[in-house]
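K.L.:
Counted the way the working numbering counts, the sequence shown spans residues 5 to 143. The structure's right below; bear with me while I get my questions together.
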Amino acid sequence: LTRMIASAVPEASRGAVPPGGFRLILPDPNLASKRSTEALLVNKPGVLPSKDALNDAIRAHLSFFQTPVGVLVFSFSVALNRGLEQIRADMDDTQTALVQRFGHCSQELVNLMLTGRAVSNVFDGDKILGEVPATRRVV
């Protein structure tokens, strides 16, 4: 989980801490037992100064992040660390919602969680189609 958040932050891939630290939405102790969306509506993200502090906070609240609301809160935390403008810049179609019909994840959200980038395709970077140089196309 720590790697998922860190991979969304370009500075962290170089071993640096992002300006202002890592952001992680933590449960309100008074609402966490309800396991409802109230738990995330009340809280602002905590700012953690290092990857070790981020890891410690995730470990301390691991049972919360294993609940349905915790998964949603964790997804928000990854998005906050990537930044909404950067997420839109990653996507081919900026009108695509990260959560699709019936609550299914978009490919962009899956890629954000797996690679730290909300790219629209499952391959990383340019994809070259065609074997003969004259017919090759980059997509």
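Built from N, CA and C at the ideal position, the CB exists for glycine as well.
With C-beta atoms as the reference, is I29 less than 9 Å away from V75?
P.N.:
In the sequence shown, counting from the first residue as 1, residue 29 sits at position 25. In the sequence shown, counting from the first residue as 1, residue 75 sits at position 71. Their beta carbons are not under 9 Å apart, which means I29 does not touch V75 by this criterion.
K.L.:
Is it the case that the region 80–98 contacts the region 111–125, given that we only count it when at least three CB pairs across the two stretches are under 8 Å?
P.N.:
Short answer: they touch.
K.L.:
Per DSSP, which residues does R27 bridge with? Please list them.
P.N.:
Numbered from its first residue, the sequence shown carries residue 27 at position 23. R27 is bridged to V51.
K.L.:
Considering only the beta carbon of each residue, do D23 and N85 sit closer than 9 Å?
P.N.:
Numbered from its first residue, the sequence shown carries residue 23 at position 19. Numbered from its first residue, the sequence shown carries residue 85 at position 81. Position check: residue 23 holds Pro in this sequence, whereas Asp was assumed. No, these two residues do not count as a Cβ contact at 9 Å.
K.L.:
Please state the DSSP three-state secondary structure of V77.
P.N.:
Taking the first residue of the sequence shown as 1, we reach residue 77 at position 73. Helix.
K.L.:
Return yes when the C-beta of D96 is under 8 Å from any heavy atom of the ligand ZN, and no when it is not.
P.N.:
Absent from the structure shown: the ligand ZN. Ligands present: none.
K.L.:
With distances taken from CA atoms, which of I62, F68, V126 and F106 is nearest M3?
P.N.:
There is no way to answer for residue 3, as the model of the chain reaches only from 5 to 143.
K.L.:
Going by DSSP in three states, V114 sits in which element: helix, strand or coil?
P.N.:
For the purposes of this step, residue 114 is taken as residue 110 along the sequence shown, with counting starting at 1. Correct three-state label for V114: helix.
K.L.:
May I have the straight-line CA-CA distance separating F80 from Q104, to the nearest angstrom?
P.N.:
Taking the first residue of the sequence shown as position 1, residue 80 is located at position 76. Taking the first residue of the sequence shown as position 1, residue 104 is located at position 100. F80 and Q104: Cα-Cα distance of roughly 15 Å.
K.L.:
Would DSSP call V103 helix, strand or coil?
P.N.:
Within the sequence shown, numbered from 1, the residue matching residue 103 stands at position 99. Residue state, collapsed to three classes: strand.
K.L.:
Have a look at G50, D32 and L5 and flag the residue whose alpha-carbon is nearest the alpha-carbon of F26.
P.N.:
The sequence position of residue 26 within the sequence shown is 22, counting from 1. The shortest Cα separation from F26 among G50, D32 and L5 belongs to G50.
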